[in-house]
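Below: the structure, in structure tokens.
Residue numbers (the numbering used here): 8 to 130.
Printed below as a string of structure tokens:
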């Protein structure tokens, strides 16, 4: 039996497939004093950095009160409770940094329809 490396031990397997152009909702654990709560950050995934491994990160951008806010999240962070993919969009770039220069309708992306998974019934 092969020993488990530290990188394999720290990678999470419960995360969805994330691609640039996806609209994602990241639920992060926030600790305030002795209380802990969840905070959601929803926006467009504009980049993946170091796509695999324990040090993989992703950048999410959203507009808050007319100001663009970008956050870089470590993919395998224990502070991230869950990641939900809200929408998929068809893009032709790996890094969507050009969205920083666009606002409103100019920043829209073509949404792709994802077929809903139907459960298979046994006969």
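Here a beta-carbon is modelled for each residue, glycine too, at the ideal position from N, C-alpha and C. Since this is a predicted model, take the numbers as computed values, not measurements.
Next item on the list: For residue 27, write down the residues that DSSP places opposite it in a beta bridge.
Entry: Counted from its first residue, the chain shown places residue 27 at position 20. DSSP, once it has assigned bridges, lists no residue as partnering residue 27.
Note to self: Measuring alpha carbon to alpha carbon, tell me which residue in 74, 29, 43, 35 is nearest residue 52.
What the structure shows: Position 45 of the chain shown, counted from the first residue, corresponds to residue 52. Considering only alpha carbons, the answer is 29.
Note to self: Taking the straight line between their C-alpha atoms, what separation do you get for residue 60 and residue 19?
What the structure shows: Within the chain shown, numbered from 1, the residue matching residue 60 stands at position 53. Within the chain shown, numbered from 1, the residue matching residue 19 stands at position 12. Whole-angstrom Cα-Cα distance: 10 Å.
Notebook entry, point to check: By a C-beta neighbour count over all protein chains shown, 10 Å radius and 16 as the cutoff for buried, is residue 50 buried or exposed?
Noted result: Reading the chain shown from its first residue, position 43 is the one you call residue 50. Per the 10 Å Cβ criterion, buried.
Notebook entry, point to check: Closer than 7 Å, CB to CB, is residue 101 near chain C or not?
Noted result: This model lacks chain C altogether; it includes just one protein chain.
Margin query: So, at 6 Å on beta carbons, what are the nonlocal neighbours of residue 92 in its own chain, with the 5 sequence-adjacent residues on each side left out?
Written below: Mapped onto the chain shown, residue 92 falls at position 85. Excluding positions up to five away in sequence, the list reads 23, 29, 31.
Notebook entry, point to check: So what does DSSP say about residue 36, is it helix, strand or coil?
Noted result: One-based indexing of the chain shown puts residue 36 at position 29. Note: residue 36 maps to strand in three-state DSSP.
Notebook entry, point to check: Where does residue 12 land, buried or exposed, given buried means 16+ other C-beta within 10 angstroms?
Noted result: Position 5 of the chain shown, counted from the start, is the residue given in the question as residue 12. With fewer than 16 other Cβ atoms within 10 Å, it is exposed.
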